[in-house]
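Right, one structure below, let's go through it.
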Amino acid sequence: MSFVQNIITLTILLICIRSSQQSIIGAGLGIWSNNSSCNSSLDCGPIEQVSKRWCDYTKRKCQIPESIFTFDHLCLDMVTPFGQEPTISNGKNNDTRSISKEQCESDGGQVHQNHCCPRLKKRGNETFSIPQNPYKTNIACYPNKTLPMIFSFAWCDKSTQKIWTLGLLGKNQHNIYTNFVMCSKHDDCGNGFVCINEVRGRRVCYFDPLNSESFPIGATFAFFAPLLIVLFILAATMVYIDKYW
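Residue numbers -22 to -1, 1 to 223, in mature numbering (1 follows the signal peptide of the UniProt record, and there is no 0), belong to the letters of the sequence shown in order.
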């Protein structure tokens, strides 16, 4: 092949790459376009890739970032796309889905890029600043499945089927509790408890932070009751063996 032909081939290749840049990015994340209609993030791709494909809150269109290496489209938890969260009303727009700054803060969020975002902040590698209150994101999820570990200090709420970020207090300003039982999904935790992602692959059962109870006496007893019964039977069996054998 001649030198001229090489130049022509290279030029055509560069033009193709340039003109299809968005398609290449989309292909790397899966075949999704910015024009695909959506009602939730799950319409745009798998839940574990929500930071790279999300449902725009206002446009109701699937969105992907201009580059897979940028993070300026995310909230400070570094996983929630702020474009998927409620916009902040400036008092002039007529979007009924917009909320005020006060409402955002009351719901446990904070304003970021004119959207309401979780207060959960990622400060470094696996280092987080935990806010005072939980926050409901617009990220749709499957309550009966294991939540991917890209979500830290978070869980999938059974009622709203949305991902919530953990706070130091529960929804009704009560303390949060854990029974220190490891889990992979809610069914591992027992009645009244939910499986919450912490960090480094660790998932632990917590008393549901959205529960109205201030102290989980009933739920805790219900969880440990079968174990206590088994221990009682074992103890009674040992006493019987010692006495009659």
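By construction, the Cβ of each residue, glycine as well, lies at the ideal position given by its N, Cα and C atoms.
In terms of residues, what are the limits of the alpha helix (DSSP H) holding residue i?
i	result
Ser84	79 to 84
Quick check on the DSSP output: the beta strand (DSSP E) that includes residue i runs from which residue to which?
i	result
Arg88	Here the sequence assigns Gln to residue 88, which means Arg is not the residue at that position. 87 to 90 is the extent of the beta strand (DSSP E) around Gln88.
Ile141	140 to 143
Phe106	105 to 107
Arg31	No beta strand (DSSP E) contains Arg31, which DSSP labels as neither H nor E.
Thr115	113 to 118
Lys37	First-last for Lys37: undefined, no H or E at that position.
Cys16	From DSSP, Cys16 is part of no beta strand (DSSP E); its letter is neither H nor E.
Pro96	93 to 96
Lys99	99 to 102
Cys53	Where Cys53 is concerned, there is no enclosing beta strand (DSSP E), given that its DSSP letter is neither H nor E.
Alpha carbon to alpha carbon, what distance is there between residue j and residue i?
i	j	result
His90	Asp165	35 Å
Asn175	Phe129	7 Å
Ser29	Asn157	31 Å
Asn111	Ile66	19 Å
Leu212	Lys123	34 Å
Tyr113	Phe60	13 Å
Gln88	Met160	31 Å
Ser107	Lys37	31 Å
Ser84	Trp133	20 Å
Thr115	Arg178	22 Å
Gln139	Ser14	22 Å
Phe185	Gly86	19 Å
His51	His93	11 Å
Arg75	Thr143	21 Å
Arg101	Cys173	24 Å
Cys16	Ile77	21 Å
Ile46	Tyr35	20 Å
Val182	Asn68	40 Å
Lys163	Lys79	34 Å
Under 7 Å, do residue i and residue j count as touching if we go by C-beta distance?
i	j	result
Pro121	Lys136	yes
Ser190	Ala118	no
Pro96	Glu26	no
Gln62	Cys33	yes
Gly148	Pro187	yes
In chain order, which continuous runs of the beta strand (DSSP E) of length 3 or greater are located wholly inside the stretch 150 to 187? Runs of the beta strand (DSSP E) inside the stretch 150 to 187: 156 to 160, 171 to 175, 181 to 185.
Segment contact, 8 Å Cβ cut-off, at least three pairs: the stretch 54 to 71 with the stretch 146 to 153: The answer is no - the stretch 146 to 153 does not touch the stretch 54 to 71, with fewer than three Cβ pairs under 8 Å.
Do three or more CB pairs link the stretch 16 to 27 to the stretch 36 to 46 at distances below 8 Å? Yes: at least three Cβ pairs fall under 8 Å.
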